[in-house]
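Enquirer: Residue numbers (UniProt numbering), protein chains in the order written: chain P, 1 to 104; chain H, 1 to 104; chain B, 1 to 104; chain Z, 1 to 104.
Even glycine gets a Cβ: it sits at the ideal position worked out from N, Cα and C.
4 protein chains.
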Amino acid sequence: MYVLMDIMVSPSGVGVSISPYVARCQKIFEEAGLTHSMHGYGTNVEGEWDDVMAAVKRCHEDLHEAGAVRIISHMKVGTRADRAQTMADKVTSVQDKLAAKSRS
Amino acid sequence: MYVLMDIMVSPSGVGVSISPYVARCQKIFEEAGLTHSMHGYGTNVEGEWDDVMAAVKRCHEDLHEAGAVRIISHMKVGTRADRAQTMADKVTSVQDKLAAKSRS
Amino acid sequence: MYVLMDIMVSPSGVGVSISPYVARCQKIFEEAGLTHSMHGYGTNVEGEWDDVMAAVKRCHEDLHEAGAVRIISHMKVGTRADRAQTMADKVTSVQDKLAAKSRS
Amino acid sequence: MYVLMDIMVSPSGVGVSISPYVARCQKIFEEAGLTHSMHGYGTNVEGEWDDVMAAVKRCHEDLHEAGAVRIISHMKVGTRADRAQTMADKVTSVQDKLAAKSRS
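Structure, rendered in structure tokens:
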């Protein structure tokens, strides 16, 4: 089961600046060989369900080891039965609609 | 690693009424022996990380089998390193603060 | 436009215990006369769009005044065009499906 | 109060393909003069609180007029009291940490 995920990891008990912790998770997604792309409020990650979820678990374990007392991850997890779709397909699909609109 | 989760499962391609699908997931959490409690925008579920995540995966698989073309789950996943805390503890903690405020 | 909302307010720069801050928002929803109900990962709030959103804004302003350096609220905001529905209706609808299943 | 928001708009009762509806919201953010950037699971939008929230309301109203029976928006809404920060700053901050790590 292929999954398109969005995840925002929020460690607490580590001060206001959480970017070093977010960077650790980026590294974990990278090492897991998952397609990933960061935006202003999280990271899009895609791959097989078990691989993606294993990476999320490693991310929580790693941040706790790095000192985070408490972690909340906000995730969107999407699967579909009809056809394969990548994260890039989703963005392209909306952009096509916008382009069609501005032509008309 | 103990996890407190909130999950809202959104199947699409099944019409506007999604309550029969939500009911299927409730049943999966129940059968998995996980503590769970439904509210107006999702379900609080708690348990060991692997058990909770296995139930979420079963839920996606089950709803696809039941006809959902596309499913997006919105999840909040919380872990902590300092002490055990249940979902009920979290609610009680806020209620205590409110009670203290109204007494003062 | 009537809205069913779920909100989880996360202040940071205030230590690990955020329940006093969550309690302040509860009080704001109460004073605004909005129907609200707390669960383990947030609060269900319902009412007219402008009233609900004004309360959310007051909540951010109030927590900043109370010392929160940074606040992120995670919100689910639902509106519908077909019929009126309360938060309680949503829960009842799923419970009816579960009861029907266990009878069959 | 400046706000960094992430929003994912989910209309239902309109079939599985929701990209035309997402495109309508993009257009509303554009016309409102708000900085916005789409990713695989939503759109980052930033601006003054009232301007951003007015655009979100218009988006719900517009999609209902366009036929969406039911709409749920998942939003992350962030404000801070200490300093101005744009969405681009947040991404840059994590990238700097990653670059520092790979140099060390």
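According to DSSP, residue 70 of chain Z sits in a beta bridge with which residue or residues?
Expert: By 1-based counting over the fourth sequence, the position of residue 70 of chain Z is 70. Looking at the DSSP assignment, residue 70 of chain Z forms a beta bridge with B:80 and Z:12.
Enquirer: State buried or exposed for residue 24 of chain Z, treating a residue as buried only when at least 16 other CB atoms are found within 10 Å of its CB.
Expert: Here residue 24 of chain Z corresponds to residue number 24 of the fourth sequence, with the count starting at 1. Counting Cβ neighbours within 10 Å, residue 24 of chain Z comes out buried, since at least 16 surround it.
Enquirer: Which bits of chain H does residue 1 of chain P rub up against, with CB to CB less than 9 Å?
Expert: As a working note, residue 1 of chain P is residue 1 in the first sequence. By Cβ distance, chain H contributes 57, 60, 61 and 64.
Enquirer: Whether or not the region 74-83 of chain B and the region 31-46 of chain Z are in contact is what I'm after, with contact meaning three or more pairs of Cβ atoms, one per stretch, closer than 8 Å; do they touch?
Expert: Flag = no, the region 31-46 of chain Z and the region 74-83 of chain B do not touch.
Enquirer: Is there a C-beta anywhere in chain H that falls below 8 Å from the one on residue 51 of chain P?
Expert: Here the question's residue 51 of chain P lines up with position 51 in the first sequence. False, the Cβ-Cβ gap to chain H never drops below 8 Å.
Enquirer: In whole angstroms, what is the alpha-carbon distance linking residue 64 of chain P and residue 3 of chain H?
Expert: Residue numbering aside, residue 64 of chain P sits at position 64 when the first sequence is read from its first letter. Residue numbering aside, residue 3 of chain H sits at position 3 when the second sequence is read from its first letter. So the two alpha carbons sit approximately 13 Å from each other.
Enquirer: So who's on the other strand from residue 39 of chain Z, going by DSSP bridges?
Expert: Taking the first residue of the fourth sequence as position 1, residue 39 of chain Z is located at position 39. Bridge partners of residue 39 of chain Z: Z:42.
Enquirer: Anything in chain P within Cβ reach of residue 74 of chain B, meaning under 7 Å, just list it in chain order.
Expert: In the third sequence, counting from the first residue as 1, residue 74 of chain B sits at position 74. Those within 7 Å of residue 74 of chain B in chain P are 74.
Enquirer: Under three-state DSSP, which class holds residue 34 of chain P?
Expert: Here residue 34 of chain P is taken as the residue at index 34 of the first sequence, counted from 1. Coil at residue 34 of chain P, not helix or strand.
Enquirer: Using a beta-carbon distance below 8 Å, is residue 82 of chain Z in contact with chain B?
Expert: On the fourth sequence, residue 82 of chain Z is found 82 positions in, with the first residue counted as 1. True, the Cβ-Cβ gap to chain B drops below 8 Å.
Enquirer: Could you tell me whether the Cβ atoms of residue 6 of chain P and residue 40 of chain Z are closer together than 8 Å?
Expert: Along the first sequence, one-based indexing puts residue 6 of chain P at 6. Along the fourth sequence, one-based indexing puts residue 40 of chain Z at 40. Yes; because the gap between Cβ atoms is below 8 Å, this pair is in contact.
Enquirer: Distance, Cα to Cα, residue 89 of chain Z vs residue 30 of chain B?
Expert: As a working mapping, residue 89 of chain Z is identified with position 89 in the fourth sequence. As a working mapping, residue 30 of chain B is identified with position 30 in the third sequence. C-alpha of residue 89 of chain Z to C-alpha of residue 30 of chain B: approximately 36 Å in a straight line.
Enquirer: Run through DSSP, which three-state label would residue 18 of chain Z get?
Expert: In the fourth sequence, residue 18 of chain Z corresponds to position 18, counting from 1. Coil at residue 18 of chain Z, not helix or strand.
Enquirer: Along chain B, which residues have their Cβ under 8 Å away from the Cβ of residue 43 of chain Z?
Expert: Taking the first residue of the fourth sequence as position 1, residue 43 of chain Z is located at position 43. Simply none; closest approach about 15 Å.
Enquirer: Could you tell me the boundaries of the alpha helix (DSSP H) in which residue 95 of chain B lies?
Expert: Working through the third sequence from its first residue, we reach residue 95 of chain B at position 95. Residue 95 of chain B -> alpha helix (DSSP H) spans 87-103.
Enquirer: Residues in the same chain with beta-carbon distance under 6 Å from residue 80 of chain P, minus the five sequence neighbours each way, listed in chain order, please.
Expert: Numbered from its first residue, the first sequence carries residue 80 of chain P at position 80. Within the same chain, no residue comes within 6 Å of residue 80 of chain P by CB-CB distance, once the 5 residues on both sides are set aside.
Enquirer: By the 10 Å Cβ neighbour count, where 16 or more other Cβ atoms means buried, how is residue 12 of chain P classified, buried or exposed?
Expert: As a first step, residue 12 of chain P must be located in the first sequence, where it is residue number 12. Result: buried.
Enquirer: When DSSP labels each residue in this structure, what does residue 1 of chain P get in the three-state scheme?
Expert: As a working note, residue 1 of chain P is residue 1 in the first sequence. Looking at residue 1 of chain P - three-state DSSP - the assignment turns out to be coil, as it is neither helix nor strand.
Enquirer: In whole angstroms, give me the CA-to-CA distance for residue 93 of chain B and residue 99 of chain B.
Expert: Here residue 93 of chain B refers to the residue found at position 93 of the third sequence. Here residue 99 of chain B refers to the residue found at position 99 of the third sequence. Going by the C-alpha atoms only, they are around 10 Å apart.
Enquirer: Please tell me whether residue 39 of chain P has its Cβ less than 8 Å away from any Cβ of chain Z.
Expert: Residue mapping note: residue 39 of chain P aligns to position 39 of the first sequence, counting from 1. Under the Cβ distance rule, residue 39 of chain P counts among the residues neighbouring chain Z, one pair being separated by less than 8 Å.
Enquirer: To the nearest angstrom, how far is the alpha carbon of residue 22 of chain P from that of residue 36 of chain Z?
Expert: Counted from its first residue, the first sequence places residue 22 of chain P at position 22. Counted from its first residue, the fourth sequence places residue 36 of chain Z at position 36. Approximately 22 Å between the Cα atoms of the pair.
Enquirer: Given that residue 24 of chain P touches chain H, what residues does it touch there, using C-beta distances under 8 Å?
Expert: As a working note, residue 24 of chain P is residue 24 in the first sequence. Simply none; closest approach about 15 Å.
Enquirer: How is residue 28 of chain Z classed by DSSP in three states: helix, strand or coil?
Expert: In the fourth sequence, residue 28 of chain Z corresponds to position 28, counting from 1. Looking at residue 28 of chain Z - three-state DSSP - the assignment turns out to be helix.
Enquirer: Going by C-alpha to C-alpha distance, which of Z:69, Z:18, Z:59 and Z:32 sits closest to residue 51 of chain Z?
Expert: On the fourth sequence, residue 51 of chain Z is found 51 positions in, with the first residue counted as 1. Among Z:69, Z:18, Z:59 and Z:32, the Cα nearest to that of residue 51 of chain Z is on Z:32.
Enquirer: Going by beta-carbon coordinates alone, are residue 91 of chain B and residue 38 of chain H separated by less than 8 Å?
Expert: Residue numbering aside, residue 91 of chain B sits at position 91 when the third sequence is read from its first letter. Residue numbering aside, residue 38 of chain H sits at position 38 when the second sequence is read from its first letter. Yes.
Enquirer: Taking C-beta pairs closer than 7 Å, name the residues in chain P that residue 47 of chain H reaches, listed in chain order.
Expert: Walking along the second sequence from the start, residue 47 of chain H turns up at place 47. In chain order: nothing, as chain P lies at least about 14 Å away.
Enquirer: Just the chain H side, please: which residues come within less than 8 Å of residue 4 of chain B by C-beta, in chain order?
Expert: Position 4 of the third sequence, counted from the start, is the residue given in the question as residue 4 of chain B. By Cβ distance, chain H contributes 40 and 41.
Enquirer: Looking at chain H, which residues of the region 90-101 of chain B have a Cβ within less than 7 Å of any of its Cβ atoms?
Expert: 90, 91, 93, 94, 97, 98 and 101
Enquirer: Classify residue 62 of chain P as helix, strand or coil using the three-state DSSP reduction.
Expert: Here residue 62 of chain P corresponds to residue number 62 of the first sequence, with the count starting at 1. Assigned with DSSP and collapsed to three states, residue 62 of chain P falls in helix.
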